[in-house]
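The block underneath contains the structure these notes are about, expressed in structure tokens.
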Ligand SMILES: [Zn+2]
């Protein structure tokens, strides 16, 4: 039962995404109409007020949508709205399971684990001829005395 995200939460998630997209569109419309009306200063004050209103309204919608989607994905307790550690773990269980799976998939595809393995190999170093300090093999000058390597 707790492995499933409830329909209410799914709905909240999608509504939140939709609200934040609407917010982005509203915000971007400022630039679109701004570009279209470029050089038209007939009603400059009114336009500016409308731009500011839409820019702020768009940002508010975007943030509000993100919060709603966040709560929908993690549940009220899981997103910290209701402070209840036990419930939070239950709320987050399906979510972290899903995220964990996706992260593992993404890591496998990206080859990052291999890169990390390679990173643990010993570094090649070069000894400076004048002061004997060990420098990384791709450095052009000694870290200690500044002599060219
Ligand atoms: Zn040196």
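In the working numbering, the protein residues as written are 869 to 1017.
Virtual Cβ for every residue (Gly too), placed ideally from N, Cα, C.
Status (buried if at least 16 other CB within 10 Å, exposed otherwise) for residue i
i, result
"residue 946", "buried"
"residue 999", "exposed"
"residue 917", "exposed"
"residue 956", "buried"
"residue 894", "buried"
Nearest-angstrom beta carbon gap, residue j and residue i [assumed within contact, 8 angstroms]
i, j, result
"residue 934", "residue 888", "5 angstroms"
"residue 936", "residue 880", "6 angstroms"
"residue 884", "residue 926", "Contact flag wrong, Cβ pair sits at about 15 angstroms."
"residue 1003", "residue 1013", "Not really, about 10 angstroms apart at Cβ, beyond 8 angstroms."
Cutoff 7 angstroms; reference residue i; Cβ partners in own chain excluding five residues on either side
i, result
"residue 1007", "1017"
"residue 950", "944"
Distance CB(residue i)-CB(residue j) smaller than 7 angstroms
i, j, result
"residue 948", "residue 959", "no"
"residue 923", "residue 900", "no"
"residue 892", "residue 930", "yes"
Nonlocal neighbours in the same chain, by C-beta distance under 8 angstroms from residue i, ignoring five residues either side
i, result
"residue 905", "915"
"residue 928", "891"
"residue 1001", "995, 1010, 1011, 1012, 1013"
Chain C contact for residue i (CB, 7 angstroms cutoff)
i, result
"residue 1000", "Checking the listed chains, one finds no chain C in this structure; it contains a single protein chain."
Quick one, what's near ligand 1 if you take every residue whose CB is closer than 6 angstroms to any heavy atom, in chain order?
-> Around ligand 1, the residues selected by a Cβ distance under 6 angstroms to any of its heavy atoms are 996, 998, 999, 1001, 1010, 1012, 1013, 1015, following chain order.
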